[in-house]
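Note sheet for the following structure.
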Amino acid sequence: QVQLVESGGGLVQPGGSLRLSCAASGFTFSYYAMSWYRQAPGKERELVAAVTSAGGSTNYADSVKGRFTISRDNAKNTVYLQMNSLKPEDTAVYYCNANAWAHNYWGQGTQVTVSS
854 QVQLVESGGG LVQPGGSLRL SCAASGFTFS YYAMSWYRQA PGKERELVAA
904 VTSAGGSTNY ADSVKGRFTI SRDNAKNTVY LQMNSLKPED TAVYYCNANA
954 WAHNYWGQGT QVTVSS
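Numbering (the numbering used here), first residue to last: 854 to 969.
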């Protein structure tokens, strides 16, 4: 059974940091590109950051470049999103995604709220 379980979300003040984790099971994690998406109320889901299967290449949405870092540990079947200098506009539900060939898996999401 495929599972992607996100954790690490919460309430943080502007300028603060959070680290999201996504623990994967039920598939061969190291074969899959991993991504983080987010969806704010009333908006479409958008790609935040992605990392290739071996971790050698990453890409980021322009809105988070220089503030967020995606990384993965294939030995632990986990992908991370380090979020620094958070802004109120980063408030959203953050989703973990695994993608390879015709397979596309989603986690249940974790809420991130940036507010004073």
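For each residue, glycine too, the CB sits at the ideal point set by N, CA and C. Source: prediction; values computed, not measured.
Worksheet entry | From Gly862, Met887 and Leu857, residue whose alpha carbon lies closest to that of Tyr913 | For the purposes of this step, residue 913 is taken as residue 60 along the sequence shown, with counting starting at 1. Comparing Cα positions, the closest option is Met887.
Practice prompt. Counting only the same chain and skipping the five closest in sequence on each side, list residues whose C-beta sits under 8 Å from that of Glu899.
Written response: Stepping through the sequence shown from its first residue, residue 899 is reached at position 46. Excluding five sequence positions before and after Glu899, the CB atoms of its chain that fall closer than 8 Å to its own CB belong to Tyr890, Arg891, Gln892 and Ala914, given in chain order.
Worksheet item: Roughly how many whole angstroms lie between the Cα atoms of Lys929 and Gly895?
Response: Counting from 1 along the sequence shown, the entry for residue 929 is found at position 76. Counting from 1 along the sequence shown, the entry for residue 895 is found at position 42. When rounded, the distance between both Cα atoms is 35 Å.
Discussion item. Here's the rule: buried if 16 or more other CB atoms are within 10 angstroms of the residue's CB, otherwise exposed. What is Asn957?
Written reply: To locate residue 957, count along the sequence shown from 1; it is residue 104. Exposed.
Worksheet item: Looking at C-beta atoms only, is the number of pairs between the stretch 941–952 and the stretch 860–878 that lie closer than 8 Å three or more?
Response: yes
Worksheet item: What does a CB cutoff of less than 8 Å around Tyr884 pick up in its chain, not counting 5 residues either side in sequence?
Response: As a position in the sequence shown, residue 884 is number 31, starting the count at 1. Ser906 and Ala953, listed in sequence order.
Worksheet item: Quick one: what's got a C-beta closer than 6 Å to Val865's C-beta in the same chain, skipping five residues either side?
Response: Working through the sequence shown from its first residue, we reach residue 865 at position 12. Only Leu871, Leu939 and Val967 meet the Cβ criterion.
Worksheet item: From Cys875 to Asp926, what distance separates their C-alpha atoms?
Response: Along the sequence shown, read from residue 1 onward, the residue named residue 875 stands at position 22. Along the sequence shown, read from residue 1 onward, the residue named residue 926 stands at position 73. When rounded, the distance between both Cα atoms is 10 Å.
Item to complete: Count the other CB atoms, across all protein chains shown, that sit within 10 Å of the CB of Thr963; report buried if there are 16 or more and exposed otherwise.
Response: Reading the sequence shown from its first residue, position 110 is the one you call residue 963. So Thr963 counts as buried.
Practice prompt. Mark Val855 as exposed unless 16 or more other C-beta atoms lie within 10 angstroms of its C-beta, in which case mark it buried.
Written response: Numbered from its first residue, the sequence shown carries residue 855 at position 2. The residue in question, Val855, is exposed, as its Cβ has fewer than 16 Cβ neighbours within 10 Å.
Item to complete: May I have the straight-line CA-CA distance separating Ser878 from Leu857, to the nearest angstrom?
Response: The residue labelled residue 878 in the question sits at position 25 within the sequence shown. The residue labelled residue 857 in the question sits at position 4 within the sequence shown. Rounded to whole angstroms, Ser878 to Leu857 spans 7 Å at the Cα level.
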